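A short worksheet on the structure shown next.
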Amino acid sequence: MVAAVLVAALGGLLVFLYVQGADSRAEERFDTVDVLKATAIIEPGETIEDAQAAGKLTLAGVAQDQLLAGYQTDTSAIAGTKAMQTIYPGEQIVADKFGTGAVASSALQIPDDKIAISVNLTDPARVAGFVNPGSEVAIFVSGTLEGVTPAGEAVSGGSITRLLLPRVTVLGVGNTTPTTTTTTDETGASTTEALPRTLLTLAVDQREAEKVLYAAANGELAFGLLTEGSVVAPAAAMTVNELFK
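FYI, in this note's numbering the residues of the sequence shown are -1 to 243.
Written as C-alpha cells, this is what we have:
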C-alpha cells in the first residue's frame, strides 16, 4: 500500500513538472518582443537614419525563440552606421549588418584586357579552400586527351597531367555545393561518393578562356596556389612513362 502511494505521488509530481515545462515552452514560443524589421530593401551603404526617414523600418512582434543575435528594438545602438550588405523586407535589423567601415562592392573587378569565366572544382582541386579572391594560381589539366601539340607532340589515348596556364588571377569564390560522382573499376564495380564542388571565377583573355573551358569539358582541372616567388613553366606532359624518371 505504501509503495503504491509513493508511486502514485511520484507520477503526479512528474506530470506536474511536465505541465510546468510545457507551459514554460509555450510561453517562450508565443511571448513576443517588438523588434525592428525592414519593410523595404535597404541598400549597402544606406545609413540607418536614411532608412528610417524613408519609412523602411517598422516594429514587429517576434517570438522569443526566433529572435536573432543582436536584434534591435530601436535605432539608438546603431545610430550613425550604414548597412554593410543588402537587407531585404521582413528581415530583423541586427547590429552585425551595420557598421562604419567601407562597404564591399558586389561587382567583380575585372582587368580591362580580361574577361571573367567560372569553373567548378572539388576541394582538393582548389587547394583545400586556400584559394581566395585575389589569389594567383597555376592551372593543371589531367585526363585522356587526344591530338597533336603545336610542337608536333602526339597526345593520344594515354592519361596525362600537364600545366595548362602558368599564372591566373582568381576574381571570386562562389558557394560550395555537394555533387555525386560515380566511378567504375576494372571489375565493373561502381563506387558513388559525394564531393563538395565550388565555383571559382578567373580573369583570363579569350585564348586562355578557350583553353580552360575545353580542358574542363574534356578532363579534370586542378589549381596550384602561387606566391610571388613560385616558379612554373610549360613542360612535357606527365605520363606513366615519365612518372618514375
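Ideal Cβ placement from N, Cα and C applies to all residues, glycine included. Computed from a predicted model, the values in this text were never measured in an experiment.
Between the C-alpha atoms of residue i and residue j, what's the straight-line distance to the nearest angstrom?
i      : j      : result
Asp94  : Val31  : 19 Å
Asp72  : Ala214 : 52 Å
Ile158 : Gln107 : 34 Å
Asp121 : Phe221 : 10 Å
Thr185 : Gln83  : 53 Å
Gly68  : Val92  : 5 Å
Leu224 : Leu55  : 47 Å
Ala235 : Ala81  : 51 Å
Lys243 : Gly97  : 58 Å
Thr167 : Leu143 : 26 Å
Tyr212 : Gly227 : 29 Å
Val129 : Gly217 : 21 Å
Leu169 : Ser188 : 37 Å
Ala123 : Asp110 : 28 Å
Val101 : Leu162 : 36 Å
Ala38  : Pro87  : 5 Å
Leu244 : Val33  : The structure shown does not extend to residue 244, since the chain spans only -1 to 243, so no value can be given for it.
Does residue i pass the burial test, meaning 16 or more other C-beta atoms within 10 Å, or should it be called exposed?
i      : result
Ser133 : buried
Thr190 : exposed
Thr196 : buried
Gly78  : exposed
Arg205 : exposed
Ala36  : buried
Ala51  : exposed
Val13  : Residue confidence for Val13 is low, a pLDDT of 49 falling below 50, so the modelled location carries little weight; the figure read from the coordinates is stated next. It counts as exposed.
Gln62  : exposed
Gly99  : exposed
Val238 : exposed
Ala233 : exposed
Ile85  : buried
Ala49  : buried
Val229 : exposed
Ile113 : exposed
Gln90  : buried
Arg160 : buried
Would you identify the three-state DSSP class for residue i, choosing helix, strand or coil?
i      : result
Val238 : coil
Pro194 : strand
Leu55  : strand
Val202 : strand
Leu211 : helix
Phe91  : The sequence as given places Ile at residue 91; Phe does not occur at that position. Looking at Ile91 - three-state DSSP - the assignment turns out to be coil, as it is neither helix nor strand.
Lys243 : coil
Ile137 : strand
Asp48  : helix
Pro131 : coil
Ala126 : helix
Asp32  : strand
Ala220 : strand
Ile39  : coil
Ala75  : helix
Val17  : Confidence at Val17 is low in this model, with a pLDDT of 49, below 50, so the placement of that residue should be treated as unreliable; the coordinate-derived value is given next. It is helical.
Quick one: give me the first and last residue of the beta strand (DSSP E) that residue i is part of.
i      : result
Glu226 : Careful: Glu226 lies outside any beta strand (DSSP E) and carries neither H nor E.
Ile108 : Neither: Ile108 is in no beta strand (DSSP E) and is coded neither H nor E.
Just to confirm, does residue i get its C-beta within under 8 Å of one of the non-hydrogen atoms of the ligand NAP?
i      : result
Val171 : Summarising the ligand content, the structure contains no ligands, and the ligand NAP is consequently not present.
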